[in-house]
């Protein structure tokens, strides 16, 4: 029930347009992460200024605080956080599985203890869908069983089969409405066979889009891209594909080149709070004393407030002094950089030059790594 | 060398206009505190949006990090922090004196240890002026000896006399230029006689403006206002008066009514980072569970982003979750509230209604305190 039009394909890379209840999203697109109903250190106006189109919010965090029923009473997540554009929510599965000793999985779902107050909580495929419905997410995600990396093929297969059954239950529980969609999650660890089986099963059930999960957990970029090579040909061309929790700028370029349409990652926002800035010349660590007297901007071609108004020396000072303004300015810059990158890839795809773009990007990225 | 024109007087209250090297300031005015070269959680654009005209920055913090010479090399403090308007710097005295065990005073100045790295530092009347010159402060302040509260009359008198000698040395060291000014500081604790002597001495030396220091340190509002009653008649009508480090909204109303023109205080910014919001109905503590389901704005008549876009329920959530956006929104709101208050007082003075304004304000403030 989610509109998606492919506007261009260039090799495996795609440019498209997603239509949601809260407006369109041109793809490939990167979603800033608004874990607890706020993209850390950013006002909605600043997010808009960065060119962000769609945000991700975390079901796990929001169900515990402030609570999905409360958000629903207050008019839904868009109104609560004053974000008028589309929102994708995850299922809560990834965070719950990360609780390790604090959770127990069985066929019905996951029992866990809140990291906030230790209270006993439960998440099932059905309750996750209900919570995402209460939040009014434009795109909901099925609950899946995420496994730790590394995992044996047997363990990966078992979790994948449970995820299949949960995906079916999620699909049954989801209330279909125009502009709202449900994505399945391809699982299977680093095993190409399992990934293919998982994709085929999800396609048979039928979803509005397909997420690729369980990556960027330590397997490395080459293994991650190999999984995409195995998986994406199994997915329907006419539906959006979302690579969950990825990643570094070079990851995004590699994944777009293989046919991914949507991304989310905490990297630009978290890095912004720890003094790392992404630039066309590679990442810079503003804590480094070499910037203490540097009067130049982070990136002379960037139009964010950090680059327009401030020197590297000032940003260094803010980071060293743990000033909130440092987090604000570097987060803003990083999110704008990610949006620039996505728009540049989209333009390259529309112009049939994605391979050239990827090659030029990789050369610059490599030389930036070597220069450090 | 600082222009100051009195536009209206209403009882003892004054409306004026200060002319500095970085532009005019209409008075009475409140200066947000930019301790380390940033008003915590605010971009320069947000400060401008709040209507802030002049900022205060702290010599003590900036001399230690990033260092006054560095700021000078980078083009001065205005350029460093991208604030185009006027900046007032304190002398560093208040912070140094607060170091207690870490500092030693003699007639030449103060030796102290940096709170950042324990390094040995010195501040003298002459070096404080030189640092403020390097920072390019529009208004500099003399170094004085601040005493702890409570202090005996003998101790207060002794510190006041040393402050007098230091004020003379500061005045000698200060380089006079158009648009730049030096303020003396009236000291003398809560003792009216000492305050009068201090004021008379400073006036005899001759300064561009007169600060009243050593208040809001625990003496209470009535004692503070009594000091103003004793001090202000001694100061020249044609020069601006600045009440340092004050205060609560009701303090500002009381002090403006007695003839103070300038204020600074960390209260609106610090409160914004701890969940307290100032409103016409009194201060609200957003941590309070009563706001968890409150769909209304903080203040329906306020045009800040917190009030325009968000509910009290959302602000409560942000504060409870320690989200940076909570600090951003509440700081913004509080600074705008302080600027509203100053503008409302200025309008009342210009209209000859300051006494009515103060009475109505006090009644509302008292009923808000009682309602809590």
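Chains as they are written, first to last, in my numbering: chain A, 1 to 372; chain B, 1001 to 1372. For every residue, glycine included, the Cβ atom is placed at its ideal position computed from N, Cα and C.
Going straight from the alpha carbon of residue 113 of chain A to that of residue 357 of chain A, what length do you get?
Here residue 113 of chain A refers to the residue found at position 113 of the first chain. Here residue 357 of chain A refers to the residue found at position 357 of the first chain. Their backbone Cα atoms lie some 46 Å apart in a straight line.
What does a CB cutoff of less than 8 Å around residue 327 of chain A pick up in its chain, not counting 5 residues either side in sequence?
Locating residue 327 of chain A in the first chain gives position 327, where the first residue counts as 1. Cβ neighbours of residue 327 of chain A beyond the five flanking positions: 40, 41, 272 and 273.
Among the candidates A/99, A/68 and A/177, whose CA atom is the shortest distance from the CA of residue 127 of chain A?
Locating residue 127 of chain A in the first chain gives position 127, where the first residue counts as 1. Comparing Cα positions, the closest option is A/68.
Give the C-beta separation of residue 1250 of chain B and residue 1365 of chain B to the nearest angstrom, bearing in mind that I take them to be a contact with Cβ-Cβ under 8 Å.
Within the second chain, the letter at position 250 stands for residue 1250 of chain B. Within the second chain, the letter at position 365 stands for residue 1365 of chain B. Cβ-Cβ separation between residue 1250 of chain B and residue 1365 of chain B: approximately 5 Å, consistent with a contact (criterion under 8 Å).
Residues that residue 1328 of chain B contacts on chain A, provided the C-beta gap is smaller than 8 Å
Translated into positions along the second chain, residue 1328 of chain B becomes position 328. The contacting residues are 41, 43, 324 and 328.
Exposure of residue 145 of chain A, with buried meaning 16 or more beta-carbon neighbours within 10 Å
In the first chain, residue 145 of chain A corresponds to position 145, counting from 1. Here residue 145 of chain A is buried. Its C-beta has 16 or more other C-beta atoms within 10 Å.
Any C-beta of chain B sitting closer than 8 Å to the C-beta of residue 57 of chain A?
On the first chain, residue 57 of chain A is found 57 positions in, with the first residue counted as 1. So no, residue 57 of chain A is outside the interface.
Any C-beta of chain B under 8 Å from that of residue 314 of chain A:
Translated into positions along the first chain, residue 314 of chain A becomes position 314. Residue 314 of chain A belongs to the set of residues whose beta carbon lies under 8 Å from a beta carbon in chain B.
Residue 1010 of chain B lies in the beta strand (DSSP E); which residues open and close that run?
The residue you call residue 1010 of chain B lines up with position 10 of the second chain. Secondary structure note for residue 1010 of chain B: its beta strand (DSSP E) is the uninterrupted segment 1003-1010.
Here's a check: name, in chain order, each residue in its chain whose Cβ is nearer than 8 Å to the Cβ of residue 103 of chain A, leaving out the five neighbours to either side.
Locating residue 103 of chain A in the first chain gives position 103, counting from the first residue. Around residue 103 of chain A: 96, 97, 110, 111, 112 and 113.
Does residue 1317 of chain B come within less than 8 Å of chain A when only Cβ atoms are used?
In the second chain, residue 1317 of chain B corresponds to position 317, counting from 1. In terms of beta-carbon proximity, residue 1317 of chain B lines the interface with chain A, with at least one pair separated by less than 8 Å.
Comparing C-alpha positions only, which one of A/79, A/350 and A/18 sits nearest to residue 1296 of chain B?
Locating residue 1296 of chain B in the second chain gives position 296, counting from the first residue. The shortest C-alpha separation from residue 1296 of chain B is found at A/79.
Sort out for me which residues DSSP pairs residue 186 of chain A with in a bridge.
Start at 1 with the first residue of the first chain, and residue 186 of chain A comes out as number 186. Partner residues in the beta bridge of residue 186 of chain A, as assigned by DSSP, are A/212.
Relative to the C-alpha of residue 1204 of chain B, which residue among B/1180, B/1236, B/1179 and B/1131 is closest?
For the purposes of this step, residue 1204 of chain B is identified with residue 204 of the second chain, where counting begins at 1. Measuring from the Cα of residue 1204 of chain B, the nearest candidate turns out to be B/1236.
Short of 8 Å Cβ to Cβ, which residues in the region 290-305 of chain A face chain B?
Answer set for the region 290-305 of chain A: 292, 293, 295 and 305.
Chain-ordered chain A contacts of residue 1309 of chain B [CB-CB under 7 Å]:
Here residue 1309 of chain B is taken as the residue at index 309 of the second chain, counted from 1. Listed by position along chain A, the residues whose Cβ is nearer than 7 Å to that of residue 1309 of chain B are 44 and 82.
Let me know if residue 150 of chain A comes out buried or exposed under the rule of 16 or more other beta-carbons within 10 Å of its beta-carbon.
Taking the first chain and counting its residues from 1, one reaches residue 150 of chain A at position 150. Within 10 angstroms of the beta-carbon of residue 150 of chain A lie fewer than 16 other beta-carbons, which makes it exposed.
Can you check whether the C-beta of residue 1270 of chain B is within less than 8 Å of a C-beta belonging to chain A?
As a working note, residue 1270 of chain B is residue 270 in the second chain. Not an interface residue.
Alpha carbon of residue 339 of chain A to alpha carbon of residue 1199 of chain B, nearest angstrom
The residue labelled residue 339 of chain A in the question sits at position 339 within the first chain. The residue labelled residue 1199 of chain B in the question sits at position 199 within the second chain. Distance between the alpha carbons of residue 339 of chain A and residue 1199 of chain B: 59 Å.
In the region 62-78 of chain A, which residues sit with their C-beta less than 8 Å from some C-beta in chain B, listed in chain order?
Answer set for the region 62-78 of chain A: 65, 66, 70, 73, 74 and 75.
With 16 other CB atoms within 10 Å as the buried threshold, where does residue 1074 of chain B fall?
One-based indexing of the second chain puts residue 1074 of chain B at position 74. The residue in question, residue 1074 of chain B, is buried, as its Cβ has 16 or more Cβ neighbours within 10 Å.
Check this for me: beta carbons of residue 54 of chain A and residue 28 of chain A, under 8 Å apart or not?
In the first chain, residue 54 of chain A corresponds to position 54, counting from 1. In the first chain, residue 28 of chain A corresponds to position 28, counting from 1. No. Outside cutoff.
Which residue marks the beginning of the alpha helix (DSSP H) containing residue 1046 of chain B, and which one marks its end?
Taking the first residue of the second chain as position 1, residue 1046 of chain B is located at position 46. Boundaries of the alpha helix (DSSP H) around residue 1046 of chain B: 1044-1050.
Can you tell me whether residue 334 of chain A is buried or exposed, with buried defined as 16 or more other CB within 10 angstroms of its CB?
Counting from 1 along the first chain, the entry for residue 334 of chain A is found at position 334. With at least 16 other beta carbons inside 10 angstroms of its own, residue 334 of chain A counts as buried.
Between which two residues does the beta strand (DSSP E) carrying residue 288 of chain A extend?
Numbered from 1 along the first chain, position 288 holds the residue referred to as residue 288 of chain A. Counted as a single uninterrupted DSSP element, the stretch harbouring residue 288 of chain A is not any beta strand (DSSP E), since DSSP gives it neither H nor E.
Rounded separation between residue 108 of chain A and residue 159 of chain A - CA only
For the purposes of this step, residue 108 of chain A is taken as residue 108 along the first chain, with counting starting at 1. For the purposes of this step, residue 159 of chain A is taken as residue 159 along the first chain, with counting starting at 1. Those two C-alpha atoms are separated by around 13 Å.
Check whether the Cβ of residue 1038 of chain B lies closer than 8 Å to any Cβ atom in chain A.
For the purposes of this step, residue 1038 of chain B is identified with residue 38 of the second chain, where counting begins at 1. For residue 1038 of chain B, the answer is yes, since a Cβ of chain A falls inside 8 Å of its Cβ.
Check whether the region 256-264 of chain A touches the region 296-311 of chain A, taking contact to mean three or more Cβ pairs, one atom from each stretch, closer than 8 Å.
The answer is no - the region 296-311 of chain A does not touch the region 256-264 of chain A, with fewer than three Cβ pairs under 8 Å.
Straight-line Cα distance separating residue 106 of chain A from residue 225 of chain A
Numbered from 1 along the first chain, position 225 holds the residue referred to as residue 225 of chain A. Numbered from 1 along the first chain, position 106 holds the residue referred to as residue 106 of chain A. About 31 Å.
Counting C-beta neighbours from all protein chains within 10 Å, is the total for residue 1175 of chain B 16 or more, i.e. buried, or is it exposed?
By one-based count along the second chain, residue 1175 of chain B stands at place 175. Per the 10 Å Cβ criterion, exposed.
Kindly indicate the opening and closing residues of the alpha helix (DSSP H) around residue 1198 of chain B.
Within the second chain, residue 1198 of chain B is the residue found at index 198, counting from 1. Annotation for residue 1198 of chain B: the continuous alpha helix (DSSP H) segment containing it runs 1192-1205.
Does any C-beta atom of chain B lie closer than 8 Å to the C-beta of residue 321 of chain A?
Locating residue 321 of chain A in the first chain gives position 321, counting from the first residue. At a cut-off of 8 Å between beta carbons, residue 321 of chain A contacts chain B.
Supposed close pair residue 264 of chain A, residue 33 of chain A - CB separation, criterion 8 Å:
Taking the first chain and counting its residues from 1, one reaches residue 264 of chain A at position 264. Taking the first chain and counting its residues from 1, one reaches residue 33 of chain A at position 33. The pair is a contact, with the Cβ atoms about 6 Å apart (cut-off 8 Å).
Using C-beta distances below 8 Å, list every residue in its chain close to residue 1241 of chain B, excluding the 5 sequence neighbours before and after it, in chain order.
Reading the second chain from its first residue, position 241 is the one you call residue 1241 of chain B. Excluding residues within five positions, the ones whose Cβ falls inside 8 Å are 1209, 1210, 1211, 1212, 1232, 1235, 1259, 1260, 1261 and 1262.
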